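Just below is one structure, and these are the notes that go with it.
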Amino acid sequence: MKIKGKVFKFGDNIDTDQIYPGRYLELTEHKEIAKHAMEGVDPEFVKKVNKGDLIVAGNNFGCGSSREHAVITLKKSGVNTIIAESFARIFFRNCINLGLPVLICPGITREAKENDILKINLKTGLIYNINNKKELKGEHLSERILNILNEGGIKPLLKNS
Amino acid sequence: MHAVEKILARASGNDEVSSSNIVTANVDFVEINDLYLQVIKSFYEMNGYKVWNPDKVSFVFDHYSPSPTIKAADNHKKMREFCRKQGIKNLFDINEGVCHQVLPEAGLVFPGMILVATDSHTTTHGAFGAFGTGVGATDLATILISGKLWFKVPEVVKIEINGKLKSGVMAKDIILHILGDLGQSAAVYKAIEFTGSVIEELPVDERMALCNMTVEMGAKTSYIQPDDITLNYLKQRVKRDYTIPETDKNYKFANNYNYDISNLEPVAAKPHSIDNVDYVKNIEDVKVDQVFIGTCTGGRVNDISVAANILSGKKISENVRLIVIPASKEVYKKSIEKGYIQSLIESGATISAPGCGPCLGAHQGVIAAGETCVTTSSRNFPGRMGSTEANIYSASPYVAAYSALRGKLAYK
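Here the protein sequences come in this chain order: A and B.
Residue 125 in the numbering used here sits at position 116 of the first sequence, and the numbers go up by one each step.
Residue 275 in the numbering used here sits at position 268 of the second sequence, and the numbers go up by one each step.
Have a look at this one:
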């Protein structure tokens with residue numbers, strides 16, 4: 010899976026309340042959920058983000074609650090891949106399950122800035138920054154995870170198997 | 008092997024497992040809360056027809072309970088219908104309380120079990136020697152279909168706590184102190200075991216508070232070796248046999264931390280992260296608009312008794328709203344029997360129905376821009392309890408009660 014997209018950059022410990030505030034947890038339609046992506050940290054994010062864009066973040070991205078809405082809102086608002094120094098456990102799992110690629114890449118916040126264009130090879134974990142021409146290597150995703158991502162998540166995988 | 012590994016080994020049919028192994032384990036019990044209609048949607052999207060075992064499934068209405076909006080009411084309605092259709096008897100409706108309090112009270116949590124719930128604070132059940140962990144809707148739906156889930160066997164971190172607790176210092180202070188020291192990503196994907204002389208003396212309510220907040224360090228699960236205090240709690244409730252796992256003597260922990268808490272004083276996590284911890288004595292000039300005592304972290308009988316004892320016969324500051332929400336119906340009833348609720352109401356408190364209350368910013372005491380709230384709940388992320396322009400201080404019920412009394416952050 011090869012991906013190319015524009016960076017939206019965030020700091021450390023971005024929690025699920027910032028990604029998707031608790032007052033919207035009653036929503037169940039994905040189109041409605043998509044309207045509140047990153048609202049707790051940048052209320053303008055949904056207006057700026059386009060299909061295929063990337064999130065680059067610091068440590069422990071997605072910490073806090075187990076809400077799957079946090080993944081649905083990012084995916085449905087157009088975010089294609091999240092690259093972070095590290096991820097919180099439940100969020101990471103939810104992303105894989107819903108087919109949103111996540112890559113752990115120590116050093117990424119140093120080497121990528123807002124609006125940079127990155128090319129990503131999910132299979133090798135290689136990330137190339139077109140703006141500063143630097144290449145970084147993210148942690149290798151297991152075959153099992155790549156297989157789920159290739160199918161677009163657990164649900165299509167189960168349906169197709 | 009560690010006791011946590013033995014739980015995963017038994018449930019996955021392996022003689023031995025070790026950290027970073029991926030195992031597929033039989034899940035003993037699941038809980039779905041009222042934020043997660045998506046579980047039912049995912050269940051049907053994945054061609055689910057009948058849940059694998061209706062007696063091992065529970066629904067708890069706590070986060071949006073009683074329903075504050077038509078949408079939340081509709082979600083509850085659909086969940087009740089699902090329970091009826093699937094023969095799920097463990098439906099804890101709006102009159103019961105927070106899942107992590109309700110399940111142990113109902114005797115559904117026991118040592119050595121694997122408990123999976125759609126809530127990050129499922130780590131709480133390590134207080135009973137159970138493997139409790141939180142997942143999202145899709146993972147939970149796969150369990151509803153198959154009864155199984157894959158797990159990465161976690162490394163185990165040991166935190167030993169010795170010394171003698173000063174008066175006015177609670178489990179909440181201990182865990183905040185540890186969070187302040189180690190940081191909020193110190194245990195991502197790991198299990199945390201608590202041991203030491205302080206743990207041996209802690210009552211069940213306080214052990215639960217400690218284990219509850221391990222997820223704020225990123226932990227996958229937590230563990231306290233069951234002892235007489237645990238068994239005394241369980242014997243009145245659990246109606247089935249269980250085996251208590253024990254860690255092998257030669258087990259090597261991924262990390263060992265030692266704390267002597269004899270000099271620990273009341274602390275609070277300042278805005279806007281839970282590891283931004285300071286002594287209350289250093290931040291006493293902070294004026295407070297609202298105090299909240301409740302939730303799966305700080306709404307148990309012990310918490311309410313601490314607050315009632317401080318506020319009995321006194322009036323809270325006229326500048327403060329005090330909201331008290333017992334974690335469950337049982338907590339509520341006991342607190343009434345003991346006279347705590349009467350004392351709190353007379354001091355000026357507002358009591359709301361058992362549930363999560365304003366912890367997640369949905370209802371029952373959401374805060375406005377520019378306001379400051381002291382809460383016994385576990386999170387102070389920006390916007391967690393309402394406006395992103397509000398300030399949240401997370402502290403013990405002891406600090407919360409004194410803060411309500413003084414109208415500012417206080418511990419005496």
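Using N, Cα and C, we set each Cβ at its ideal position, and we do this for glycine too.
In this text the structure is predicted, and so the values were computed from the model without any measurement.
By the C-beta density criterion, methionine 10/A is exposed, having fewer than 16 other C-beta atoms within 10 angstroms. Its chain contains Val274, Ala276, Val284 as the residues whose beta carbon lies nearer than 6 Å to that of leucine 183/B, once the 5 sequence neighbours on both sides are disregarded; these appear in chain order.
Here the alpha carbon of lysine 173/B sits roughly 36 Å from the alpha carbon of alanine 376/B. Aspartate 125/A sits in coil when the DSSP states are folded into three classes, being neither helix nor strand. Partner residues in a beta bridge of aspartate 41/B, as assigned by DSSP, do not exist. Taking 8 Å as the cut-off, the beta carbon of proline 361/B is found no closer than this to the beta carbon of glutamate 38/B. Beta-bridge annotation (DSSP): serine 65/B is paired with Glu38/B, Asn97/B. According to DSSP, lysine 165/B shares a beta bridge with Glu200/B, Asn263/B.
Ranked by Cα distance from glutamine 297/B, the options Gln371/B, Ser229/B, Phe68/B, Val287/B are led by Gln371/B. Along the region 55-71 of chain B, the positions whose C-beta sits under 9 Å from a C-beta of chain A are His70, Tyr71, read in chain order. Assignment of alanine 356/B by DSSP, reduced to helix, strand and coil, places it in the strand class. Residue burial is scored here from C-beta neighbours: aspartate 35/B has at least 16 other C-beta atoms within 10 angstroms and is therefore classed as buried. Residue nearest to asparagine 159/A within the set Leu131/A, Lys40/A, Glu144/A, Thr37/A is Leu131/A (criterion: CA-CA distance). Our two residues, phenylalanine 135/B and isoleucine 236/B, have alpha carbons roughly 10 Å apart in a direct line. Beta-bridge partners of tryptophan 157/B (DSSP): Thr31/B. Shown here, threonine 131/B sits in a helix according to DSSP, grouped into three states.
Using a C-beta cut-off of 8 Å, the region 96-109 of chain A makes no contact with the region 36-45 of chain A, since fewer than three inter-stretch Cβ pairs fall below that distance. A straight line joining the alpha-carbon of serine 269/B with that of lysine 171/B spans about 5 Å. Cβ-Cβ distances below 8 Å link isoleucine 157/A to Ile105, Asn106, Gly108, Ile163, Leu166 in the same chain, with the five nearest sequence neighbours on each side left out; the list follows chain order. Two segments are said to touch when three or more pairs of C-beta atoms, one from each, lie closer than 8 Å; by this definition the region 84-97 of chain A touches the region 51-69 of chain A. For proline 115/A, not one C-beta of chain B is nearer than 8 Å to its own C-beta. Here DSSP, grouped into helix, strand and coil, assigns cysteine 90/B to helix. Per DSSP, reduced to three states, the secondary structure at serine 335/B is strand.
Listed in chain order, the positions of the region 88-105 of chain B with a beta carbon within less than 8 Å of a beta carbon of chain A would be empty, since no residue qualifies. Contact check for tyrosine 196/B against glycine 225/B passes: the beta carbons are separated by less than 8 Å.
Counting C-beta atoms within 10 angstroms of its own C-beta, threonine 130/B has 16 or more neighbours from the protein chains shown and is therefore classed as buried. Counting along the chain, no alpha helix (DSSP H) covers cysteine 380/B; the unbroken beta strand (DSSP E) around it starts and ends at 379-382. Within the region 380-399 of chain B, those residues whose Cβ lies closer than 9 Å to any Cβ of chain A are, in chain order, Arg386, Phe388, Pro389, Gly390, Arg391, Met392, Gly393, Thr395. By the C-beta density criterion, asparagine 265/B is exposed, having fewer than 16 other C-beta atoms within 10 angstroms. When only Cα atoms are considered, glutamate 120/A and valine 327/B end up about 47 Å apart.
Nearest C-alpha to histidine 132/B among Glu88/B, Arg391/B, Asn219/B: Asn219/B. Short of 8 Å from the beta carbon of glycine 390/B, and not among the five residues preceding or following it, lie these beta carbons of its own chain, in chain order: Gly368, Ala397. At a beta-carbon threshold of 7 Å, none of the residues of chain B lie near lysine 84/A; the nearest stands roughly 12 Å away. A Cβ-Cβ separation of about 14 Å leaves aspartate 146/B out of contact with arginine 153/A under the 8 Å criterion.
Between lysine 40/A and the set Asp62/A, Gly161/A, Lys57/A, Gly87/A, the nearest pair of CA atoms involves Gly87/A. The alpha-carbon separation between asparagine 82/B and arginine 32/A amounts to approximately 14 Å.
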